[in-house]
Amino acid sequence: MFDYARMRDDLCEVAERLDSAVREETVRHLDALRAKLREEAFNLVVLGQFKRGKSTFINALLGANILPTAIVPLTSVVTILRFGPELKVEVRFLNESRVEINLSELPAHITEREDPENRKGVKEVTVYYPSEYLRGGVRIIDTPGAGSVYAHNTDVAYNFLPQVDAGVFVVSADPPLSGSEHRFLKDVRGYVDKLFFVLNKIDQVSEDERKEALDFTVRILEDDIGEGKVKIYPVSARWALEGKKTGDGGLLERSLLPYFEKQLQEFLVHEKGRVLLQSAVNTLMKLMSDETISFQLEQEAIKLPLQQLTGKINQFETEMRTIEKDRENNRYLLKGGLGRIVSGLDERIAEFRKEQVPALQTRMEKEYERLANGRTGGLRDNLEKAVFEDIRATFNGWRGQLTENLSLQLEAAHREFASRVNELIERILTLTSSIFELKLQPFTSVEGLSRKSDFYFLLKDDPVGLELIQIAVTSALPGFVAKKLIFKNMRTAVAELVDRHCGRVRYDLVNRMTQAVKDFENALNSKLDSTLEGIRISFQKALALHESGKTNADKSLGDLSRKLDSLSGIQDALRSYSMVLDGGDKADVFSSRRESSGRGMSNPG
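For the sequence shown, position 212 matches number 212 in UniProt numbering, and the numbering has no gaps at all.
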């Protein structure tokens, strides 16, 4: 397995070495690439119902008592743990102000007991800690437990879902998976591409009870995920933490945490890590290609008589007008493609509304008949709750299918537009090669959309208990009259809620798709602009050298030859990196001065 942190650091060094060999304009791109590589993190979010031992599980990963734990539902805000050279705790408030606190003050800012309902207005807390586990770019995020008696805690857990790269869904052996966990899991699966299931607290049950809990949990999960697709990792976070703190290797092994850690690290490195590093390699290859072409062109332009050079530049700019028109046509084609996706979305929403309103009303009627013998107040509350859950489940299930379909369509639009942009880049270089009689080799690549949708739809901010129900039904009305009003108004409410939330789904999805299209259009066009910029700067430098005299021209030709030799060596190294990432020959392309032992995520503490 390649060492993610090591390769990331080496690519940063490659970018630094290039600073002296490239144009000033390219240095800005290299700075941005280095920042992305250093700041990019794997968001590993620990999820689950309250009191499943999530905070203890995180402490076990780190091997230290960092997060507070207690008997009662505890965590009330998101807590992020990331690497730092020394322990530091930073609180970020809803008003965006920040303050640094001691670790002993952490419970006062993140726990329900010491800050009920988050009265301090804490948005999130970041704990910096020098753990090898965090050094390789992993950020561990502790969320409030879903299903807590504190509704605002559950909302915080839900709202953080779009930022997840991988999730650890923690359940425990005693008691096993509950109904609220089952519902939360259904929601989570719409936003988390990879879920690891952990059965915690195996130290509290016998071997037979552990097996029974595992079998039960697997059966429940397979109903949602599919038979044979569920793997659960039994662990004892308490044993693992104690084993790491005391150096008791036997206790650590009995906790079964090391096996889980190995599986988790391999996923993070091979999945997201590989994608990030390949993107960085491709970016560097494109920058090197543009620089090489620019330097080769500058060399040739310097050698040409001034009049001939001017004529060739004019010919290039004349031909470029046709290419620029085609570029503009591509923009219209992309815009038209987005319009077709939106039209298809409208059709699916209309179809959903037509099918689901009568289906939801029918299920509401059956539930009403089942509950009609009870008290009026109880009938209304229980019917509201049943309708709420039905609508919520219906929308969340549909939303998952809808967003998956839209993502595929956006990916196809991205590939088509990327192909068109690459075609224009190749035409520009073919034109340049023809005019200046050069053999130029472009580097083009089509990468998938890396930013996953953060669309998140949940009915929690819009309860089913509509005012029209509460106003129409009062204790002064006879029971049979009140019940009829409840039935009538609830039937109307179902249709209104479906219509309202369909509108919200459309508004949110269209806005996000529009932004996604704008983002990848800008990103791809910037590649074409970079190629053009390099060519035109070469023209400008060659013209300036013609005016400054032969001595300067000869010196510049020598500098360009040295730069081209340097770029050629770096391009060879980048191709070797790409082979490693593709799983090919694992040549030693890393810096010789760096040793691999103890680096990155391959040896967590």
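Every residue gets a Cβ at the ideal spot worked out from N, C-alpha and C, and that includes glycine.
query: Pairwise C-alpha distance: V205 and R353; result: 48 angstroms
query: Straight-line gap, R506 to E496 (C-alpha atoms, nearest Å); result: 16 angstroms
query: Test item: CB-CB of I232 and F267 under 9 angstroms; result: no
query: Cβ contact (3+ pairs, closer than 8 angstroms) linking the stretch 320 to 335 and the stretch 562 to 581; result: no
query: Residues that DSSP places opposite V269 in a beta bridge; result: For V269, which the question treats as bridged, DSSP gives no partner whatsoever.
query: Distance, E40 Cα to R594 Cα; result: Low local confidence applies: a pLDDT of 38 at R594 is under 50, so the model's placement there is unreliable, and no value is given.
query: Candidates K483, A418, I293: closest to F436 by CA position; result: I293
query: At least 3 beta-carbon pairs within less than 8 angstroms: the stretch 240 to 258 vs the stretch 57 to 71; result: yes
query: Distance, A32 Cα to K550 Cα; result: 37 angstroms
query: Residue nearest to K286 in terms of C-alpha spacing, selected from G558, E426, V78, I225; result: E426
query: Proximity winner among E416, T143, S568, relative to D290 (alpha-carbon distances); result: S568
query: DSSP state of N525 mapped onto helix, strand, coil; result: helix
query: Short Cβ contact (9 angstroms threshold) for Y368 with L360; result: no
query: CB contact check: E291 to chain D, cutoff 9 angstroms; result: Among the chains of the structure shown, chain D does not appear; only one protein chain is present.
query: First and last residue of the uninterrupted alpha helix (DSSP H) at K123; result: Premise fails: K123 lies in the beta strand (DSSP E), 122 to 129, not in any alpha helix (DSSP H).
query: Identity of the residue in D529, D519, V494 nearest I428 by Cα; result: D529
query: Length of the line joining the Cα atoms of V275 and R82; result: 21 angstroms
query: Endpoints, alpha helix (DSSP H) assigned at V342; result: 306 to 371
query: Among Q278, L37, I80, R92, nearest to I58 - alpha-carbon criterion; result: I80
query: Under the three-state DSSP convention, the category residue 618 falls into; result: Beyond the ends of the chain as shown, which are 1 and 605, falls residue 618; an answer cannot be given.
query: Limits of the beta strand (DSSP E) - the one that A60 falls within; result: Element bounds for A60: not the beta strand (DSSP E) but the alpha helix (DSSP H), 54 to 62.
query: C-alpha distance - K303 paired with K555, whole-angstrom precision; result: 12 angstroms
query: The stretch 534 to 550 contacting the stretch 296 to 310, beta-carbon criterion three pairs below 8 angstroms; result: yes
query: Assumed close pair T126, E90 - CB separation to whole angstroms, cut-off 8 angstroms; result: 5 angstroms
query: Cβ-Cβ distance between N525 and R219 below 9 angstroms; result: no
query: Contact check, K272 vs F42, beta carbons under 9 angstroms; result: yes
query: Between the CA atoms of R348 and F316 - distance to the nearest angstrom; result: 48 angstroms
query: Where Q441 sits in the DSSP three-state scheme; result: coil
query: Beta-carbon gap between T143 and K51 smaller than 9 angstroms; result: no
query: Rounded Cβ spacing between Q49 and F184 (contact assumed at less than 8 angstroms); result: 7 angstroms
query: S236, buried or exposed, once every other Cβ within 10 Å from all chains shown has been counted against 16; result: buried
query: Closest Cα partner of K518 within the set L545, R98, L410; result: L410
query: Q356 to E384 span [Cα, whole Å]; result: 17 angstroms
query: Of the residues V510, K488, V281, the one placed nearest L581, counting alpha carbons only; result: V281
query: Residues sharing a beta bridge with E100, DSSP; result: E90
query: Distance between V342 and K120 (C-alpha atoms, nearest Å); result: 42 angstroms
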